[in-house]
Every structure is written in C-alpha cells, then in structure tokens.
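Heads up, the thing below is written out as structure tokens.
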Amino acid sequence: MPIPIFKSLKIITLIGKGRHSNVYKVLNKENDKCFALKRISKNIAMHRELDFYQREKRAFDVLTPHPNVVTFKAYDEEENEAFFILEYIDGFTLQRIINESRKDEEQKKISNSQIKKYLIQILDGIEHLHKHNVYHSDIKPENIVICGERAVIVDLGSSIISDKKTVKYRDVSFLGTPGFLPPEVADMVSRSDVELPFVDLWAFGVTMYFAYTNHVPFVSNLAAESHNNVKKLNVDLSILPYEVREILEYIFTKDKQKRLELKEIRKLIMRMNCN
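Here it is, written out as structure tokens:
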C-alpha cells in the first residue's frame, strides 16, 4: 500500500464487511500494536447522497476521544480509495453477543445487569457525539462492539454534523438503516422537521428492544415495508419486561411532546431492576 503512514502496517485478517467498506485487523510492525484499517471504495461513495467516507472524516475531525466511541488514529486516501486507521477493538458486535446469549449454551448467557450496563454506555457515547454536534444516524446492534465490560459505537459513515438540532427533511440526506430511523424520516411524504438527537434515540430504542428480545422491531426485508412499519408504529411491546416497555413507550411515539431526552432515558435505565 503506497501511502507513507501505512507502510509499517501488515494486514492480519478481514474482520468486517459493510455496505461500502472492508475492515481489517492490522499490525504496526514498528511497535507490535494492532489497529483496525477501514478501507472505503470511493467509487461506491462518490455520490453526494452516499458520501460515507467524507461524513466519517468530518465526524472524526471534530470529535475528542471517548471510551464509548471508536478512537480515530489516522486518515489517508488515494484516487479511488479512502483509508482510516482506528483503534482495534478485540470483541464482538452486540448483535452477535445477544444472538449467542439466546442460545442454550449457559456460558454465553448475558445477564440483564450486563445489558443495562451496555445500554448506559451506549447512551454515554451518543451523548458525547451530540456534544460535538455529531449525530451518528445509524445506531444499531451491528454498530456496537462489546469488548469485555465496554460498549463502543463504531461506523460513523452515516453521521450528520450540524450545529442545528432541528433540520428540514429536505436539507439532509439520511443514510441510516430502515427501521432504525424515526417516523419523521420514514415518512418521506410529509417532509416534516427532523430533530437530530431523536434520530439516534429512536435507533437506541430499537437496539434496546433487540437487546431484550433478540428481535429487531420494524425491520423487514424491504426498505419500504420497514418504513411503513415505523410510520404505523407496528411494534409489540407486550413481550418486554415492564420497565423496558415503559421506557420504549416514550421513544416509539410520534408525539414529540411525549418523547424523552437522553438524560431522562438514562435516568430511567439506571433505576431499572435487573432481576
């Protein structure tokens, strides 16, 4: 790889494939430290609406380090590819951990107290992003990596950087995952105002639902059907523990007056009984 800052890196293995990128575990031969190398094809992300690598670069340019957000190390690019060096997180996605926890193997069971701890850390990471006017816009179980007792938000390629908390739908391109986007984004007809902090809080709610059920609400094989499920609030909360259901009722709502802010959601989660 003919890029000066990358010359000392040796690719160990492919650790992830996304919609527009590959992520590799790499070794810095000069100090024997491992990092993650994210390699993005500009041919895929060349359109303004699909500017994943520009969004991720802008987000890292304004962010400061936080234990619950992946740490940026370096960036470089060639004509057709962009490269990010990030911290290597030796763990698994929340999606995989919950999936395996719901199987019969007792040693892989995850306790409600662990889930609670991860959820609070995810909120801490989201809060840090928002303090820097960065709105992740694609919070989901696949974009949360668990390393020991630590939950880390990754993949900032869908991020929106804005000093305005409320934006016009027409002024912003949302690149997040259908089902994880709130009703005002899913309803592409009404084109109502969008509160950017709530975009991440809605996705957090979907992630929280998954953590307790191993099922992702709203999401279908078809994007249009996923958006329609969100618009209709087609979700079964009855299968959830009461305290979880109570919190999600304040998230899965179209009534903006009823919605809770991040700090209020965190308080409710911290009060939850983990039995």
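Note that UniProt numbering gives residue 116 to position 116 of the sequence shown, counting from 1, and the numbers run on in steps of one. Glycine included, C-beta positions come from ideal geometry on N, C-alpha and C.
Original post:
Excluding five sequence neighbours on each side, which residues of the same chain lie with their C-beta closer than 7 Å to the C-beta of E77?
Top reply: F83
**OP:** In angstroms with no decimal places, state the Cα-to-Cα distance between D255 and T177.
**Re:** 22 Å
**OP:** Give the straight-line distance between the Cα atoms of L222 and P197, rounded to the nearest whole angstrom.
**Re:** 26 Å
**OP:** Pull up the distance between the alpha-carbon of E149 and that of K116, whole angstroms please.
**Re:** 11 Å
Original post:
How far does the beta strand (DSSP E) with I15 in it reach, from first residue to last?
Top reply: L9 to K17
Subject >> Local Cβ density within 10 Å of K38, reported as buried at 16 or more and exposed below that >> reply: buried
Subject >> Boundaries of the beta strand (DSSP E) in which N28 is found, first to last residue >> reply: S21 to N28
Subject >> Closest by C-alpha distance to A224, when choosing among R19, I265 and F180 >> reply: F180
Original post:
Rounded to a whole number of angstroms, what is the C-alpha to C-alpha distance between A45 and E30?
Top reply: The predicted model places A45 with a pLDDT of 48, which falls under 50 and marks its position as unreliable, so this point remains unresolved.
Original post:
Hey, quick one: how far does the alpha helix (DSSP H) through Y75 stretch, first residue to last?
Top reply: Per DSSP, Y75 belongs to no alpha helix (DSSP H); it is in the beta strand (DSSP E), F72 to E77.
Original post:
Three or more beta-carbon pairs under 8 Å between the segment 111-131 and the segment 230-238, yes or no?
Top reply: no
**OP:** Note down, in chain order, each residue of its chain lying with its Cβ closer than 7 Å to the Cβ of K168, except the 5 sequence neighbours on either side.
**Re:** D193
Original post:
If we count Cβ pairs, one from each stretch, closer than 8 Å, do we get three or more for the segment 141-157 versus the segment 88-103?
Top reply: yes
**OP:** Kindly indicate which residue of I160, L262 and L201 has the alpha-carbon position closest to the one of R58.
**Re:** I160
**OP:** Would you identify the three-state DSSP class for H128, choosing helix, strand or coil?
**Re:** helix
Subject >> Local conformation of D236 per DSSP, three classes >> reply: coil
Subject >> Residues bridged to E56 (per DSSP) >> reply: Paired residue(s): none; E56 is not in a bridge.
Original post:
DSSP three-state call for H66: helix, strand or coil?
Top reply: strand
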